[in-house]
Amino acid sequence: MGVVDVKKWFPFVDELDYENSNKLFCFHHAGGSAAAFRNWKTWEQNLAVFPIELPGKSTRIKEQYITDYLHVMPQIAEAINRVTNQTRIYFYGHSMGAILAFKTACLLEEKYKKKVNLLIVAGRHAPQDHFPDDYQTYMDDSELVKELIRVGGTPKELLENKEVLQHILPMVKNDYRLNESFDYRNELFHGPIVAHCGTNDPDAPASSMKSWGNVTTNSFNLKEFSGSHFFPYENKQDYYKSLEQNCIQSSSKICIK
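Note that UniProt numbering has the sequence shown beginning at 1, numbered continuously upward.
Encoded structure:
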């Protein structure tokens, strides 16, 4: 993987960010892209935010989308490994991004012997728990629209625009296919995990988020925020400040076993 290829994964990162010794890698929700974290780039103070762009998304729209995590995860891990020499590494994942962040963190530990100083997971149940989604990708597009209405986060006017739907539904469905590909293989993460959940999130209430504590050999903490499934974006800069504080205060005493 060359330098240009590495930079494809981090489209909103400038040259100075690569020199920052504290990096927060962000994994987006299903239907999102690296652009979900662009505001965070304007709020960063004590670390550099690295939004991750998957193939086939937004700035990489001409590339083939990958719907199997076993194919995309190693590429993400390699890109992160290339830009994290002498770096404190933090991971953040929201919804689908939470499980992708967990899987990638475990691979980074195992293959590259690099520690992720803190894994923050938001809006998704733990990987060992199985709660079937209301929507499955074998269903037709009308069911996917119902799912998008149910979870929120997509403006009503977009969901009522047929031309827009023709453009966004295939991309969203690919994300759901990627989400369906995840399985739990008894991985354990050796760094601390902090779980965030929304008080009004029906898919990932605090009760389901607690199980994240069973997939780390290190510390676990759970924090609730006001809002729906998309509470990270509803709480805006206040949420980001809390997240950055979690990272900076996280313990550096992590043992890779």
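Glycine is no exception: its CB is placed at the ideal position from the N, C-alpha and C atoms.
Q) Which residues in the same chain as K241 place their Cβ atom closer than 7 Å to its Cβ, once the five residues preceding and following it in sequence are excluded? A) Counting from 1 along the sequence shown, the entry for residue 241 is found at position 241. In its chain, beyond the 5 residues on either side, no residue has a beta carbon closer than 7 Å to the beta carbon of K241.
**Q.** Inter-residue CB distance, P51 and A34 (contact presumed, cutoff 8 Å)
**A.** For the purposes of this step, residue 51 is taken as the residue at position 51 of the sequence shown. For the purposes of this step, residue 34 is taken as the residue at position 34 of the sequence shown. Between A34 and P51 the Cβ distance is about 4 Å, and since that is below 8 Å, they are a contact.
Q) Smallest Cα separation from M209: which of R82, E160, A126, I248? A) Working through the sequence shown from its first residue, we reach residue 209 at position 209. Proximity to M209 across R82, E160, A126, I248 peaks at A126, based on C-alpha coordinates.
Q: Please work out which residues of its chain come closer than 7 Å, Cβ to Cβ, to K253, disregarding the five sequence neighbours upstream and downstream, and give them in chain order.
A: One-based indexing of the sequence shown puts residue 253 at position 253. Only weak support is given to the placement of K253: the predicted model assigns it a pLDDT of 44, under 50, and the question is left unresolved by the model.
Q. Does DSSP classify P51 as helix, strand or coil?
A. In the sequence shown, residue 51 corresponds to position 51, counting from 1. In the structure shown, P51 sits in a strand (DSSP, three-state: E or B).
Q.
Taking the alpha-carbon of H28 as reference, which of L158, E163, I120 has the nearest alpha-carbon?
A. For the purposes of this step, residue 28 is identified with residue 28 of the sequence shown, where counting begins at 1. Ranking L158, E163, I120 by Cα distance to H28 puts I120 first.
Q) With distances taken between CB atoms, is the gap from A36 to D17 smaller than 7 Å? A) Here the question's residue 36 lines up with position 36 in the sequence shown. Here the question's residue 17 lines up with position 17 in the sequence shown. No, they are not a contact pair.
Q) Of the residues K162, S211, T104, A101, which one's Cα is nearest the Cα of S129? A) Position 129 of the sequence shown, counting from 1, holds the residue named residue 129. Before going on, a small fix: residue 129 reads as Asp here, not Ser. Closest by alpha carbon: S211.
Q. Are the beta-carbon atoms of G152 and S219 separated by less than 7 Å?
A. Taking the sequence shown and counting its residues from 1, one reaches residue 152 at position 152. Taking the sequence shown and counting its residues from 1, one reaches residue 219 at position 219. Cβ distance not < 7 Å, so G152 and S219 don't count as in contact.
Q: Could you have a look at H190 and say whether DSSP puts it in helix, strand or coil?
A: Numbered from 1 along the sequence shown, position 190 holds the residue referred to as residue 190. In the structure shown, H190 adopts coil according to DSSP, grouped into three states.
Q) When burial is assigned at 16 or more other CB atoms within 10 Å of the CB, is K70 buried or exposed? A) For this step, residue 70 is matched to residue 70 along the sequence shown. According to the sequence as given, residue 70 is Leu; it is not Lys. Taking every protein chain shown into account, the CB of L70 has fewer than 16 other CB atoms within 10 angstroms, so this residue is exposed.
**Q.** Contact set for R177: own chain, Cβ-Cβ below 7 Å, skip 5 residues either direction
**A.** Residue mapping note: residue 177 aligns to position 177 of the sequence shown, counting from 1. Hits under 7 Å: T67, T137.
Q: Kindly indicate which residue of A122, P170, M96, A30 has the alpha-carbon position closest to the one of P232.
A: The residue given as residue 232 occupies position 232 in the sequence shown. When each option's Cα is compared against that of P232, the closest is A122.
Q | Distance between beta carbons of T216 and L188, contact taken as under 8 Å | A | As a working mapping, residue 188 is identified with position 188 in the sequence shown. As a working mapping, residue 216 is identified with position 216 in the sequence shown. Their Cβ separation, rounded to whole angstroms, is 7 Å, which keeps L188 and T216 in contact under 8 Å.
(Q) Just to confirm before moving on: does the CB-CB distance between M96 and A30 stay below 7 Å? (A) Stepping through the sequence shown from its first residue, residue 96 is reached at position 96. Stepping through the sequence shown from its first residue, residue 30 is reached at position 30. Yes.
Q) Y65 lies in the alpha helix (DSSP H); which residues open and close that run? A) On the sequence shown, position 65 is the one that residue 65 refers to. Where Y65 is concerned, there is no enclosing alpha helix (DSSP H), given that its DSSP letter is neither H nor E.
Q. Which residues mark the beginning and the end of the beta strand (DSSP E) in which E224 is found?
A. Your numbering for residue 224 matches position 224 in the sequence shown. E224: member of the beta strand (DSSP E) spanning 220–225, first to last residue.
Q | Distance, L107 Cα to D150 Cα | A | Here residue 150 is taken as the residue at index 150 of the sequence shown, counted from 1. Here residue 107 is taken as the residue at index 107 of the sequence shown, counted from 1. In the sequence on display, residue 150 carries Arg and not Asp. Each residue's CA atom was taken as its position, placing R150 and L107 some 33 Å apart.
Q) Does the count of Cβ pairs from the segment 77–91 and the segment 5–15 closer than 8 Å reach three? A) With a cut-off of 8 Å, the segment 5–15 and the segment 77–91 count as touching, because enough Cβ pairs lie within range.
Q) Which residues bound the beta strand (DSSP E) around V13? A) Position 13 of the sequence shown, counted from the start, is the residue given in the question as residue 13. Per DSSP, V13 belongs to no beta strand (DSSP E) and is neither H nor E.
Q: Assuming T84 contacts K23 (C-beta within less than 8 Å), just tell me the rounded distance between them.
A: Walking along the sequence shown from the start, residue 84 turns up at place 84. Walking along the sequence shown from the start, residue 23 turns up at place 23. Under the criterion of beta carbons closer than 8 Å, T84 and K23 qualify as touching, at roughly 6 Å.
(Q) Between the alpha carbons of E63 and K57, how many angstroms are there, rounded? (A) By 1-based counting over the sequence shown, the position of residue 63 is 63. By 1-based counting over the sequence shown, the position of residue 57 is 57. Their backbone Cα atoms lie some 8 Å apart in a straight line.
Q. Under a three-way DSSP split, which group does A126 fall into?
A. Along the sequence shown, read from residue 1 onward, the residue named residue 126 stands at position 126. A126 sits in coil when the DSSP states are folded into three classes, being neither helix nor strand.
Q) In terms of alpha-carbon separation, which member of T199, Y239, G191, E234 lies closest to residue 290? A) Shown here, the chain extends from 1 to 257; a query on residue 290 therefore has no answer.
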